[in-house]
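Everything on this sheet refers to the single structure shown next.
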Amino acid sequence: MRHPLRVLALACALTVTPACAALQLGQTRIENPIAAAQTIDQRAYALLHSYAAIVEEATDIVADPATPLAFKRALGQAERAATPAAETVQIAVTAYMRARADFDAASSASQTTIQRAATALSIAARRLNEAVAAAQAPIAELEGLVRAHRG
């Protein structure tokens, strides 16, 4: 281990990081990224990163020979529901970011171009909101199974 103090500090920080929206420790505020997100694209990225971490942990659980077969099947079923939802969020956030960039680029264009870009951005934002809302339940179910296994 090249940096044992850094490893120890990181381990301590991760150990005390809460699962709630925020924790105030003196002047330091530690927040849950999904609850702390202020924009729809931040919420989408936080949800996608949470999903990736959950899938990684679920993969470790499934690889463990001590895990009961019924639990592995339940994880597989939850993952089959969560993955398409996460993929839909990824597609929607990409479309939203493209529409936002087009809107920003159109700021010096004609009024018609700005209106078209604003309409496209509005549609992309609505679709992203819908995708995030639809993905929360299946991802939460997968996360619940992973947490249940942790005990």
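2 is the number of the first residue of the sequence shown in my numbering; add one for each residue after it.
We treat Cβ as the ideally placed atom computed from N, Cα and C, and that holds for glycine.
Counted as a single uninterrupted DSSP element, the stretch harbouring Thr-68 is not any alpha helix (DSSP H), since DSSP gives it neither H nor E. Put simply, the backbone Cα of Ala-96 is about 6 Å away from that of Ala-125. For Ala-83, the CB contacts under 6 Å within the same chain, skipping 5 residues up- and downstream, are Pro-139, Ile-140, Leu-143 in chain order.
When the alpha-carbon of Val-94 is set against those of Val-147, Ala-37, Glu-131, the nearest one is in Glu-131.
Counting along the chain, no alpha helix (DSSP H) covers Gly-152, and no H or E run does either. Excluding five sequence positions before and after Ala-107, the CB atoms of its chain that fall closer than 6 Å to its own CB belong to Thr-114, Ile-115, Ala-118, given in chain order. Proximity to Glu-58 across Lys-73, Leu-129, Ala-45 peaks at Lys-73, based on C-alpha coordinates.
In this structure, Ile-92 is the residue among Ile-92, Asp-103, Gly-77 with its C-alpha nearest to the C-alpha of Leu-49. Sequence-distant Cβ neighbours of Thr-68 in its own chain, meaning closer than 6 Å and more than five residues away, are Ile-62.
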